[in-house]
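Just add 29 to wherever you are in the sequence shown, counting from 1, and you've got the numbering used here. Virtual Cβ for every residue (Gly too), placed ideally from N, Cα, C. On a predicted model such as this, the values are computed, not experimentally measured, just so you know. One structure is given here, and the rest of the page talks about it.
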Amino acid sequence: MLSFSVDKLEELKDAYDPSGAAALASNVYAAYWHGPGGDELPGALHALWNALVFDGENLAGKEDALIGALRARNAGKVADIAREMRTPAE
């Protein structure tokens, strides 16, 4: 499921598209729901899903970092990116 999210992120890097962003949020939620449990990744994916739903426009510029974090299954980095998206710029 994470691979679908990475693929969609690769597409969004080229040009933001609201339907693509909605598909990304859906892919992330599916990865959260159907992914393996037992570690911190499900919680990080849920935080990312919320960030994408409510503050998806703040993903701009973070695509490469998120792609790397998802490929590495780095829950801490995924959660950090979600937190950055939810925190208003100062």
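Contact fails between the stretch 58-74 and the stretch 36-47, because fewer than three Cβ pairs, one in each stretch, are under 8 Å apart. The alpha helix (DSSP H) runs lying completely inside the stretch 34-83 and spanning 4 residues or more are 47-63, given in chain order.
It is roughly 7 Å from the alpha-carbon of Asn56 to the alpha-carbon of Leu31.
Gly90 carries a coil assignment under DSSP once its states are collapsed to helix, strand and coil. Annotation for Asp93: Lys42 place their beta carbon closer than 8 Å to its own, counting only its chain and skipping 5 residues before and after.
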